[in-house]
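Q: Got a structure for you, questions after.
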Amino acid sequence: MLFTATFSEFYEQFKTSLSDGTFAKLTFAKTIGKTELKNIFIRPFLEENELKLELKFRFQQEELFEIHTIDSAFDRLLPFINNPFLSVILFTTEFDLTYKLNKKRVVSVTDQAPTFGNANEVLLGFLKK
11 MLFTATFSEF YEQFKTSLSD GTFAKLTFAK TIGKTELKNI FIRPFLEENE LKLELKFRFQ
71 QEELFEIHTI DSAFDRLLPF INNPFLSVIL FTTEFDLTYK LNKKRVVSVT DQAPTFGNAN
131 EVLLGFLKK
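Note that the sequence shown ends on residue 139 in my numbering; no numbers are left out.
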């Protein structure tokens, strides 16, 4: 089962946080069962003065890195929703937004007070240009 529509709405919030300079961190967490892949961390990355995303796939024994455009990262990340991750957390300086699947695979998106007071430094440097 693909969660394209609901994750697309969540991803738009992520893109907005990038464009308005409030993005701090994006993390895929809480896996189903014991998996080799433990987390995916997403952070801004500058390549030839273009803002891209570095995807860090943290496995039990190693870490792999991929660079994607902001739009192509969506297609790369979508298959990991529900396989194996049940939650994705967007940290911004204004709020934390959690995309979560329950046991019946019903999606909920909740916000709460921000964890981070400062936005990502790479993003801020890019936006100042």
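Glycine included, every Cβ here is placed at the ideal spot set by N, Cα and C.
#1: Out of Phe84, Lys114 and Pro54, state which residue places its alpha-carbon closest to the alpha-carbon of leucine 137.
#2: At 3 residues or longer, and completely inside the segment 97-125: list those beta strand (DSSP E) runs for me, N to C.
#3: Any contact between the segment 96-110 and the segment 73-82? By contact I mean 3 or more CB pairs, one from each, below 8 Å.
#4: Assign lysine 48 to one of three DSSP states: helix, strand, or coil.
#5: Tell me leucine 65's beta-bridge partners as DSSP assigns them.
#6: Considering only DSSP beta bridges, list what glutamate 60 is partnered with.
A: Reading it off the structure:
#1: Working through the sequence shown from its first residue, we reach residue 137 at position 127. That would be Pro54, whose Cα lies nearest to the Cα of leucine 137.
#2: Runs of the beta strand (DSSP E) inside the segment 97-125: 106-111 and 117-122.
#3: Segments in contact, no.
#4: If you number the sequence shown from 1, residue 48 lands on position 38. Three-state DSSP puts lysine 48 in a strand.
#5: Translated into the one-based positions of the sequence shown, residue 65 becomes position 55. Its beta-bridge partners are Ile52 and Glu76.
#6: To locate residue 60, count along the sequence shown from 1; it is residue 50. Glu57, per the DSSP bridge assignment.
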